[in-house]
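In my numbering, the protein residues as written are 80 to 193.
Below is one structure, written out as structure tokens; the observations come after it.
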């Protein structure tokens, strides 16, 4: 049970980072496109996980949603990064790399400063 809960917490944080990075590289995208991009990168996610997260990131002013009409079909909500989202992505990427290096160096005889 502990391992499952631990993995869920790690995945949640990593999913936020992945969404910000995907939008930095390919924006604007709508929800289904984000799901497809996550899947293409080996990080398949369900709609029930993605959409509440997009809503929360929007409330935090990290994403800017914009409705765009379609000639055929229903309008879609496209997401792009805000300046705040771009800045946070940089900070999160640096922190992720730092944590990765600390983990990689564990057991190699060096003391880590966390």
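Every residue gets a Cβ at the ideal spot worked out from N, C-alpha and C, and that includes glycine.
How would you call residue i, buried or exposed, if buried means at least 16 neighbouring beta carbons within 10 angstroms?
i           : result
residue 226 : The displayed coordinates of the chain run from 80 to 193. Any statement about residue 226 would go beyond what the structure contains.
residue 141 : buried
residue 179 : exposed
residue 87  : exposed
residue 152 : exposed
Straight-line CA distance for residue i to residue j?
i           : j           : result
residue 106 : residue 184 : 35 Å
residue 96  : residue 112 : 16 Å
residue 146 : residue 108 : 11 Å
residue 124 : residue 80  : 21 Å
residue 91  : residue 119 : 18 Å
residue 177 : residue 160 : 23 Å
Confirm, please, whether the CB-CB distance from residue j to residue i is below 9 Å.
i           : j           : result
residue 158 : residue 143 : yes
residue 98  : residue 129 : yes
residue 155 : residue 127 : no
residue 82  : residue 117 : no
Along the alpha helix (DSSP H) that carries residue i, what are the first and last residues, could you check?
i           : result
residue 131 : 126-138
residue 187 : Note, residue 187: premise wrong, no alpha helix (DSSP H); not H, not E.
Taking C-alpha atoms, which residue in the options lies nearest to residue i?
i           : options          : result
residue 136 : 85, 164, 182, 93 : 164
Along the chain, where does the beta strand (DSSP E) that runs through residue i open and close?
i           : result
residue 142 : 142-147
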